[in-house]
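Numbering (the working numbering), first residue to last: 431 to 634.
Note that the Cβ used here is the ideal one computed from N, Cα and C, for glycine as well.
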Amino acid sequence: MEEGDLAAGKSIAAERGAWIVFEDEAGHSMTPPRARTWVRIGQTPVVRVKGRGSRRVSMAGMTCYKPGERSRLIYAIREYRGRKDTPKGFGWRDFRDLIVRAHIQLGGPIVLVWGNLRQHLTAGMRAFIETNAEWLTVFHLPTYAPDLNPQEGIWSLVKHEIGNLAAADLSHITRAVKRRLKRIQHRPELVDGCLAATGLTLED
Numbered sequence: 431m432e433e434g435d436l437a438a439g440k441s442i443a444a445e446r447g448a449w450i451v452f453e454d455e456a457g458h459s460m461t462p463p464r465a466r467t468w469v470r471i472g473q474t475p476v477v478r479v480k481g482r483g484s485r486r487v488s489m490a491g492m493t494c495y496k497p498g499e500r501s502r503l504i505y506a507i508r509e510y511r512g513r514k515d516t517p518k519g520f521g522w523r524d525f526r527d528l529i530v531r532a533h534i535q536l537g538g539p540i541v542l543v544w545g546n547l548r549q550h551l552t553a554g555m556r557a558f559i560e561t562n563a564e565w566l567t568v569f570h571l572p573t574y575a576p577d578l579n580p581q582e583g584i585w586s587l588v589k590h591e592i593g594n595l596a597a598a599d600l601s602h603i604t605r606a607v608k609r610r611l612k613r614i615q616h617r618p619e620l621v622d623g624c625l626a627a628t629g630l631t632l633e634d
């Protein structure tokens, strides 16, 4: 999405009374992200974790904006416990279902802005977008442009919450992630702040 694309997206959203929705994915393994903490001088804290296998928590999130409306956060979470018969992350159908859920919860058309993840570009997803063109318009962000996606700011807030978390198991991480995301949902000023951090605006 270049500057001209953003202007086009804003125009379409204004014409249709649509929400502008930014989507992104993230994940957490049993090894926690490093974070700063308080400690006595000279006593480096050591956090021991159970980092066995490839188990992880996958997240897909949407920051949703519309002038005159409270900003929203919509998300989905999936656990992967290393079983061969279960998917490691989200497939295109999961993203389709998340878009449909956002459409229902927001109660109006959507201008969706997301990256070029392989699951975003499948034939099934393209067909879904074309079939629902009356309420869904999609723009793709440039490759490697996380600074333009406010959902990245949400993930940063989540990582700060669980930094140095010595999780007993995968469910412990899932609970911590859900707790933080639910708190953010009730603080729309944080969602607004993530948009402001990108330098993008909804108003002309």
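LEU503 to CYS494, Cα distance in whole Å?
The count along the sequence shown starts at 1 and reaches residue 503 at position 73. The count along the sequence shown starts at 1 and reaches residue 494 at position 64. Each residue's Cα considered, the two are about 6 Å apart.
Would ILE442 pass as a contact of VAL543 if the rule is Cβ separation under 8 Å?
The sequence position of residue 442 within the sequence shown is 12, counting from 1. The sequence position of residue 543 within the sequence shown is 113, counting from 1. Not in contact: ILE442 and VAL543 (Cβ atoms no closer than 8 Å).
Are at least three pairs of beta-carbons, each pair with one atom in the region 540-556 and one in the region 498-517, less than 8 Å apart?
no
With ILE450 as the anchor, note down where its alpha helix (DSSP H) starts and where it stops.
Here residue 450 is taken as the residue at index 20 of the sequence shown, counted from 1. No alpha helix (DSSP H) contains ILE450, which is instead part of the beta strand (DSSP E) from 449-459.
Quickly, what does DSSP pair VAL543 with across the bridge? List them, please.
What you label residue 543 is simply residue 113 of the sequence shown in a count that begins at 1. PHE452 and PHE569, per the DSSP bridge assignment.
State the Cα-Cα distance for the pair GLY545 and ASP599, rounded to the nearest angstrom.
As a first step, residue 545 must be located in the sequence shown, where it is residue number 115. As a first step, residue 599 must be located in the sequence shown, where it is residue number 169. Cα to Cα, GLY545 sits roughly 31 Å from ASP599.
Check whether the Cβ atoms of LEU587 and ILE559 lie closer than 8 Å to each other.
The residue given as residue 587 occupies position 157 in the sequence shown. The residue given as residue 559 occupies position 129 in the sequence shown. Contact: no.
Rounded to a whole number of angstroms, what is the C-alpha to C-alpha distance between VAL621 and ILE534?
As a first step, residue 621 is located in the sequence shown; it is residue number 191 there, counting from the start. As a first step, residue 534 is located in the sequence shown; it is residue number 104 there, counting from the start. Approximately 20 Å between the Cα atoms of the pair.
With DSSP collapsed to three states, give me the class of ILE529.
Residue numbering aside, residue 529 sits at position 99 when the sequence shown is read from its first letter. Helix.
Taking only the alpha-carbon atoms, compute the straight-line gap between MET431 and PHE569 and give it to the nearest angstrom.
Your numbering for residue 431 matches position 1 in the sequence shown. Your numbering for residue 569 matches position 139 in the sequence shown. In this predicted model, MET431 has a pLDDT of only 47, less than 50, meaning its place in the structure is not dependable enough to derive any value.
Please state if the CB of SER488 and the CB of TYR505 are separated by a distance shorter than 8 Å.
Position 75 of the sequence shown, counted from the first residue, corresponds to residue 505. Position 58 of the sequence shown, counted from the first residue, corresponds to residue 488. Their beta carbons are not under 8 Å apart, which means TYR505 does not touch SER488 by this criterion.
Nearest CA to the CA of LYS589: which residue from ARG610, HIS602, PRO580 and ASP577?
Here residue 589 refers to the residue found at position 159 when the sequence shown is read from its first residue. When only C-alpha atoms are compared, the closest one is ARG610.
Is ALA443 near the ligand FAD, judged by its Cβ being under 7 Å from some heavy atom?
Looking for the ligand FAD in the displayed structure turns up nothing, as the structure carries no ligands at all.
With a Cβ-Cβ cutoff of 8 Å, do PHE525 and ARG508 count as a contact?
Taking the sequence shown and counting its residues from 1, one reaches residue 525 at position 95. Taking the sequence shown and counting its residues from 1, one reaches residue 508 at position 78. In this structure, ARG508 does not lie closer than 8 Å to PHE525 by Cβ.
Roughly how many whole angstroms lie between the Cα atoms of GLY498 and LEU536?
Locating residue 498 in the sequence shown gives position 68, where the first residue counts as 1. Locating residue 536 in the sequence shown gives position 106, where the first residue counts as 1. Cα to Cα, the separation comes out at about 13 Å.
Starting from ALA563, follow the alpha helix (DSSP H) in both directions and report where the run begins and ends.
As a position in the sequence shown, residue 563 is number 133, starting the count at 1. Premise fails: ALA563 is in no alpha helix (DSSP H) and is neither H nor E.
Buried or exposed: which applies to PRO580, given that a residue is buried once 16 or more other Cβ atoms fall within 10 Å of its Cβ?
Numbered from 1 along the sequence shown, position 150 holds the residue referred to as residue 580. So PRO580 counts as buried.
On the criterion of 16 or more Cβ atoms from any shown chain inside 10 Å, does ASP454 qualify as buried, or is it exposed?
Against the sequence shown, residue 454 aligns to sequence position 24. Counting Cβ neighbours within 10 Å, ASP454 comes out buried, since at least 16 surround it.
Spatial neighbours of LYS496 within its chain, please: CB distance less than 6 Å, with the 5 preceding and 5 following residues excluded, ordered by chain position.
The sequence position of residue 496 within the sequence shown is 66, counting from 1. Here the set comprises TRP449.
Does the distance from the C-beta atom of LEU578 to that of ILE540 stay below 8 Å?
Stepping through the sequence shown from its first residue, residue 578 is reached at position 148. Stepping through the sequence shown from its first residue, residue 540 is reached at position 110. No. Outside cutoff.
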